[in-house]
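So the structure is just underneath, and the comments pick up after that.
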Amino acid sequence: MPEIGSERSRVDGQLKVRGAATYAADFVLPGMAFAVIVGSTVGKGRITGFETRDASGQPGVLQVLTHLNTPKLPYLPFRTPIDPQVGERLHVLQDDQVKFFGQPVAVVVAETLQAAEHAAGLVTVRYDTAEAVTDLDKPGLPLVTPTGGDYTRGDPVAALASAPVKVDGAYRIAREHHNPMELHATIAQWEGDKLTLWDKTQGVLSTANEITAVFGLPAGSVHVVSPFVGGAFGSALRAWPHVTLAALAARQTGRPVKLVLSRKQMYSGTGYRAANRQRFAVGADRDGRITVMVHESIAETSAYEQHTEAFSELARFLYTSPNVQTTYRLAELDVNTPTYMRGPGRAQAAFAIESGLDDLAYELAMDPIELRLRNEPDRDQFNGLPFSTRRLRECYEIGAAKFGWSRRKPQVRSTRDGHWLVGVGTATACYHTIRNNAQALARVKVDGTAVVASATSDMGPGTYTAMCQVAADSLGIEMGKIQFLLGDSTLPPSPSHGGSQTMASVGSAVREACESLRDTVVRMAVTDPASPLYGLDPHQVQVRNGRLEASGKSDSYREVLRRRNRDAVEVTAQWGPGDTPRQFSSYAYGAVFAEVGVDETLGLVRIRRLLGVYDAGRVINPKLARSQGVGGLIGGIGMALLENTVTDHRDGRLVNASMADYLVPVNADVPAVDVLFLDGHDDKASPIGAKGLGEITIVGVAPAIANAVYHATGKRVRELPITLDKLL
Ligand code: MOS
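In the numbering used here, the protein residues as written are 2 to 729.
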């Protein structure tokens, strides 16, 4: 039985449930001190002075760092692939400027966390306060156009004016925060000019490279260790200011320093999904053939960095349309920089596009699935490329049958269950198949075990496990004898663990390294006169369970290495997508189905059923994939009904910066949710056939729920989250 495609439990599962997995803040170093950040209490302005004497005088306090006593850091010009293309990362404790509420303005370092926290509360900061603009709806906000912001195909203005059937809607999505269970944390230790960081990160290399540039160190000076990440989905793609602060505090005190953001500090100390406004207009002929789509997006960013996302991608190619216009604008507010959050750009765009298509289906009196299938393109109309695979039709057909879509009554408000109005809705999910160059090392040892390694990360989807499965099949060694190493910047370089690219990119590199290692050992056997396989054609040799077999004879990894007196044999290999992204349009697709109940009197929305059916290429581990899918759907419930970071626009403070006040779905909000992956293999997307299945599972959930709410109530809500006040 091949390991790929098998349901395997997480190889690190026991470590996690026993509390033995070491997350960043779990490391304990001798002599470790503790740092606590003091955040600004104004949203914009200039620091005019500090009162730090009380804090400094407390027992155990080592230092109180402010911009007045902190050396200037080089901050060499440097961008990770994740960093915004325009702007400059926050330079922390470098001057008197306050750019957003909660910006770090001082750091207290002490012998204990308690002493540092107490002293941090005693630091007083004086400000010359300016007006902070934090409201995306403030009239007359200047908007900037990011690079590549606009796109036009055909004549969208004329086409919309003349479309026989059209709908035009304005959509709003609240700011959302990732809220991973694990707090962001960094431990920093200097040995001379060498720095080691134990950090929560999705990119050990990008963090190492960034901190190297911030401190102006020679290449290779920063070592980042991050074996476990307790959730992130974008929040740990960048090294936020606290990583620099931990390193700075360690350097200034000459001690290893641990810095953990509080839950409240997570809201201003990391990124978030930007609040956004969209317009989506779609026109069609009376047969439901789309003639035009106009999609306009506006999102918030900070005043110091232009964070951009692929808002405009879906409208350009998802459905056939001769006329398309997309525009994208940013409002530079006095806020910290937003970042990617699960399904970045597409999750937001799909809310507008898929709600608009639902409206159009009602205008046409056509089934919403039929409308989508009528507009299936035969190629990517944005770049003219053929699809590597596109099985959206199957997702809808299989999903509709499983969900019982045919029982749906077309009229709104047509189904009741006691005091609940019941409705069903559907929406398309889609996410780009991202691939980048990756390297992996594979080493087989004389005891028959193997180690495979790459500088990737595992924020929860099961990278450790799935990579062991890929390695097991390629090496022909039992999975239990393979150890996968990740989360260390000294391992062979890989892209950051984001954008659903890890399996296609790192998985392909692992396969490459393991096959090359297997072939090396096979060649060692057939050229060794002492081997039973001596003289045989290496291509005839089959390798499984650690044994090399051909023509009824057999050898083993152990014996081959033992005879050659080798402790181990190892190979490092690189994989890259090469030209494929310019030859094929590769996306994962899905169809999401939702059934909701809406309490007619109270406006309460309850999810009754959710189903996602996905075309994500080859599924390496159905158990992990299902878990990813369920997580994505639950994240989608949050986006649709609950999540909303609320800002007090008088000073830019976030008023619900806690897990008590920022609502995420809990068990009572989540009914049985179901996930199905089509049996697939897209070898044009990646050699292992995977397209990626993490990001896509949140895309389409919010519009499927909004469409179900419309079907239940006849009320179209174009603003997320859909709270009860919008339904009364
Ligand atoms: Mo993902 S939003 O790239 O972690």
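Positions of the beta carbon are idealized from the N, C-alpha and C atoms, including for glycine.
Going by the CB atoms, is the gap between residue j and residue i shorter than 8 Å?
i, j, result
"residue 682", "residue 203", "no"
"residue 734", "residue 106", "Residue 734 lies beyond the stretch modelled for the chain, which goes from 2 to 729, so this question has no answer here."
"residue 325", "residue 367", "no"
"residue 289", "residue 365", "yes"
"residue 454", "residue 493", "yes"
"residue 696", "residue 500", "yes"
"residue 191", "residue 251", "yes"
"residue 505", "residue 693", "yes"
"residue 323", "residue 292", "yes"
"residue 216", "residue 74", "yes"
"residue 519", "residue 562", "no"
"residue 372", "residue 361", "yes"
"residue 229", "residue 21", "no"
"residue 267", "residue 184", "yes"
"residue 120", "residue 189", "no"
"residue 719", "residue 172", "yes"
Looking at the structure shown, is residue i part of a helix, part of a strand, or coil, going by DSSP?
i, result
"residue 163", "helix"
"residue 56", "helix"
"residue 382", "coil"
"residue 331", "strand"
"residue 211", "helix"
"residue 133", "coil"
"residue 556", "strand"
"residue 622", "coil"
"residue 46", "strand"
"residue 105", "strand"
"residue 660", "coil"
"residue 216", "coil"
"residue 572", "strand"
"residue 33", "coil"
Report the rounded CA-to-CA distance for residue i versus residue j, giving the unit in angstroms.
i, j, result
"residue 58", "residue 48", "22 Å"
"residue 34", "residue 133", "35 Å"
"residue 582", "residue 684", "12 Å"
"residue 296", "residue 153", "10 Å"
"residue 677", "residue 616", "9 Å"
"residue 526", "residue 510", "24 Å"
"residue 660", "residue 264", "8 Å"
"residue 733", "residue 521", "Because the chain is modelled from 2 through 729, residue 733 falls outside the range shown and cannot be assessed."
"residue 92", "residue 672", "45 Å"
"residue 440", "residue 572", "11 Å"
"residue 633", "residue 101", "31 Å"
"residue 127", "residue 51", "6 Å"
"residue 608", "residue 274", "23 Å"
"residue 182", "residue 163", "51 Å"
"residue 803", "residue 644", "The requested residue 803 is not part of the displayed model; the chain covers only 2 to 729."
"residue 178", "residue 544", "48 Å"
"residue 242", "residue 79", "15 Å"
"residue 727", "residue 345", "25 Å"
Return yes when the C-beta of residue i is under 7 Å from any heavy atom of the ligand ZN, and no when it is not.
i, result
"residue 342", "The model depicted lacks the ligand ZN and carries the ligand MOS instead."
When you measure from the CB of residue i to every non-hydrogen atom of the ligand MOS, does any distance come out below 7 Å?
i, result
"residue 233", "yes"
"residue 219", "no"
"residue 500", "yes"
"residue 623", "no"
"residue 4", "no"
"residue 345", "yes"
"residue 238", "yes"
"residue 183", "no"
"residue 629", "no"
"residue 203", "yes"
"residue 696", "yes"
Apart from the five residues just before and just after residue i, which ones in its own chain have a Cβ nearer than 8 Å to its Cβ?
i, result
"residue 470", "4, 5, 7, 9, 480, 621, 622"
"residue 723", "606, 641, 642, 706, 707, 710"
"residue 380", "386, 387, 388, 586"
"residue 690", "618, 619, 681, 682, 683, 684"
Can you find the residues in the same chain that come closer than 6 Å, C-beta to C-beta, to residue i, ignoring five residues on each side of it along the sequence?
i, result
"residue 594", "400, 404, 427, 612"
"residue 349", "174, 277"
"residue 397", "370, 592"
"residue 76", "92, 215"
"residue 306", "85, 88, 338"
Can you find the residues in the same chain that come closer than 7 Å, C-beta to C-beta, to residue i, ignoring five residues on each side of it along the sequence?
i, result
"residue 421", "598, 599, 600"
"residue 457", "464, 487, 495, 498, 503, 507"
"residue 534", "526, 527, 542, 549, 551, 554, 556"
"residue 225", "198, 200, 202, 205, 208, 209, 490"
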